[in-house]
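A short worksheet on the structure shown next.
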């Protein structure tokens with residue numbers, strides 16, 4: 021599913037295609053998602069983690085895979101609205117605060133959560149114009 025979602029590029033307001041992927045979370049599921057994203061030939065991934073130091077394991081995996089990795093704290097989450105693909109590996113409810121700030125998106129939100137579905141963030145993403153894929157499809 022990550023590969024399928026990755027094929028649909030996001031577009032900026034100027035109409036240019038961009039390939040920016042964001043990974044939400046830094047645990048075991050995030051590590052699996054990073055490996056899957058590397059199979060899509062991504063050059064770089066931005067990771068948003070509540071505790072950026074928790075992403076150290078992701079940095080080691082990214083280096084092994086040859087994928088650039090930028091880690092940002094939770095406050096950097098607003099930047100994901102411009103992403104072509106966001107993979108959320110956080111528990112149910114963790115992304116709910118993001119829902120309030122989404123107004124216009126063009127990319128795909130891939131959330132590993134399957135219950136409750138859709139999450140508040142996924143529903144807001146869809147309402148703002150993006151595509152959503154839930155954990156059941158995972």
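Residue numbers (the numbering used here): 21 to 158. Ideal Cβ positions, reconstructed from N, Cα and C, are used throughout, including at glycine.
Is there at least one non-hydrogen atom of the ligand SAM closer than 6 Å to the beta-carbon of residue 108?
-> Judged by which ligands are present, the structure shown has none, so any question about the ligand SAM falls away.
Determine, using beta carbons only, whether residue 141 comes closer than 7 Å to chain C.
-> In the displayed structure, chain C is absent; only one protein chain is listed.
Under the three-state reduction of DSSP, which class applies to residue 155: helix, strand or coil?
-> helix
Are the beta-carbon atoms belonging to residue 87 and residue 108 less than 7 Å from one another?
-> no
So residue 143 is in the beta strand (DSSP E); what residue range does that whole segment cover?
-> Note, residue 143: premise wrong, no beta strand (DSSP E); alpha helix (DSSP H) at 140 to 147.
Does DSSP put residue 129 in a helix, in a strand, or in coil?
-> If DSSP states are grouped into helix, strand and coil, residue 129 belongs with the strands.
First and last residue of the beta strand (DSSP E) that includes residue 53?
-> Careful: residue 53 lies outside any beta strand (DSSP E), inside the alpha helix (DSSP H) at 48 to 58.
Residue 121 to residue 85 span [Cα, whole Å] | 33 Å
Own chain partners of residue 45 with C-beta closer than 6 Å, once the 5 adjacent residues on each side are dropped = Hits under 6 Å: 109, 110.
Between the stretch 59 to 75 and the stretch 88 to 101, are three or more C-beta pairs nearer than 8 Å?
-> yes
Can residue 127 and residue 158 be called in contact, C-beta distance under 7 Å?
-> No. Outside cutoff.
Alpha-carbon to alpha-carbon, residue 116 and residue 53 | 21 Å
Whole-angstrom distance between residue 83 and residue 76, CA atom to CA atom | 11 Å
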